[in-house]
DNA sequence: CGTGCACCTTCCCATAATGGGAAGGTCAAG
DNA sequence: CTTGACCTTCCCATTATGGGAAGGTGCACG
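Residue numbers (the working numbering), protein chains in the order written: chain A, 71 to 217; chain B, 71 to 217.
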């Protein structure tokens, strides 16, 4: 089948299929007499594997490694799990960062009246916050209603 | 002061200071007779504002907008809050995506023995998962349902 | 048969934010 | 005067993706 149909069936755009081939993630596709790439069901399965792996946030390098492991019928599952857990660690790290940011921003947004006036705790904080925390290193629950 | 010291004091690398100037996020710095950029305390404050805003994950475009609002003493705080909440929405969206991925990956990793054997539910899932979920909820060990 | 449209090919460009590094100017200390 | 630590501007690389041009191919319809 043509690259267009392969793209439709695998959920990987034609552009990306060519790119993956170009960077060596995928082997060069078979070509028809006219130079068109030609894909079979096995190729589609590979493309779907790549898409699903990408959907889980693995980098192309990691996808390549997983692809190799997948195709190596002798691989030790340890290798796969190691990759997965490494990625999980990374995701966890990013999650924590993001959670911190969200917490900070929510606190600031809550304190900002968001009306016609210029007074704005958000900008005040951005202008002078010291290191990590939202301006007041306050004790927990927010219970001051600003006038 | 030189760009190096400005970088050290603001926490923005010299490289980035020049870049921000180049893309118009910052006005061109004053220059000394020898062509060196020259920064004063007010400049440092702006750089710190930029760094803090970046640290909260705002894009450079958003940093630019916030910077403009910060410097506009007449701004309605509504504008600031709107930007912050828009960004919060984006972060929230990304958080959810990431949480889903993490959940899926954790489930898969848990099912993988991670030993010398080739059997690997992670790869099996990547090879045949349908849409969102980690293959089956839970039952017995993954069998070869692939036909 | 011809024409047109939908597809394919390769190649270049752009994105976002950052760092690396080259080639060359400047300055202060020794 | 040399050395080293700055500074300057430029170009390149990164990651993964899409846009679009220029040109070839193939099928279907009139």
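No residue lacks a Cβ here, since even glycine has one placed at the ideal position from N, Cα and C.
Remember, it's a predicted structure, so these values are computed and weren't measured experimentally.
Measure the Cβ-Cβ separation of residue i and residue j and say whether it is below 8 angstroms.
{"i": "residue 134/A", "j": "residue 157/A", "result": "no"}
{"i": "residue 136/B", "j": "residue 150/B", "result": "yes"}
{"i": "residue 187/B", "j": "residue 146/A", "result": "yes"}
{"i": "residue 71/A", "j": "residue 161/B", "result": "no"}
{"i": "residue 152/B", "j": "residue 199/A", "result": "no"}
{"i": "residue 118/A", "j": "residue 159/A", "result": "no"}
{"i": "residue 78/B", "j": "residue 140/A", "result": "no"}
Which bits of chain B does residue i rub up against, with CB to CB less than 8 angstroms?
{"i": "residue 146/A", "result": "185, 186, 187, 188"}
{"i": "residue 96/A", "result": "Simply none; closest approach about 15 angstroms."}
How is the alpha helix (DSSP H) around residue i delimited, first residue to last?
{"i": "residue 86/A", "result": "84-92"}
{"i": "residue 104/B", "result": "Looking at the DSSP string, residue 104/B is not in any alpha helix (DSSP H), and its letter there is neither H nor E."}
{"i": "residue 119/A", "result": "111-125"}
{"i": "residue 129/A", "result": "Taken as a continuous stretch (DSSP letters only), residue 129/A belongs to no alpha helix (DSSP H), as it is neither H nor E."}
{"i": "residue 149/B", "result": "147-181"}
{"i": "residue 76/B", "result": "73-80"}
{"i": "residue 196/A", "result": "191-198"}
For residue i, collect the residues of the same chain with a Cβ closer than 8 angstroms to its Cβ; drop the 5 residues on either side in sequence, then sort them by chain order.
{"i": "residue 102/A", "result": "108"}
{"i": "residue 95/A", "result": "120, 130, 133, 134, 137"}
{"i": "residue 254/A", "result": "An answer regarding residue 254/A cannot be provided, because it is not within the stretch 71 to 217 covered by chain A."}
Just to make sure I have the definition right: I need the residues of chain A whose C-beta is within less than 9 angstroms of the C-beta of residue i. Which are they?
{"i": "residue 175/B", "result": "126, 127, 154, 155, 157, 158, 161"}
{"i": "residue 85/B", "result": "The contacting residues do not exist; residue 85/B stays about 22 angstroms from chain A at best."}
Might you give, ordered along the chain, the residues of its own chain that have their beta carbon closer than 7 angstroms to the beta carbon of residue i, omitting 5 neighbours on each side?
{"i": "residue 163/A", "result": "none"}
{"i": "residue 191/B", "result": "178, 181, 182, 212"}
{"i": "residue 202/B", "result": "Here residue 202/B scores only 46 on pLDDT, less than 50, and its place in the model should not be relied on; the value that follows carries that caveat. Nothing meets the Cβ criterion."}
So with CB distances below 9 angstroms, who are the chain B contacts of residue i?
{"i": "residue 165/A", "result": "165, 168, 169, 172"}
{"i": "residue 197/A", "result": "115, 118, 119, 122, 140"}
Applying a beta-carbon distance threshold of less than 7 angstroms, which residues of chain B neighbour residue i?
{"i": "residue 150/A", "result": "182, 190, 192, 193"}
Could you tell me which chain A residues have their CB closer than 7 angstroms to the CB of residue i, listed as they occur along the chain?
{"i": "residue 65/B", "result": "No statement about residue 65/B is possible, as the shown extent of chain B runs from 71 to 217 and does not include it."}
Is the Cβ of residue i closer than 8 angstroms to any Cβ of chain A?
{"i": "residue 130/B", "result": "no"}
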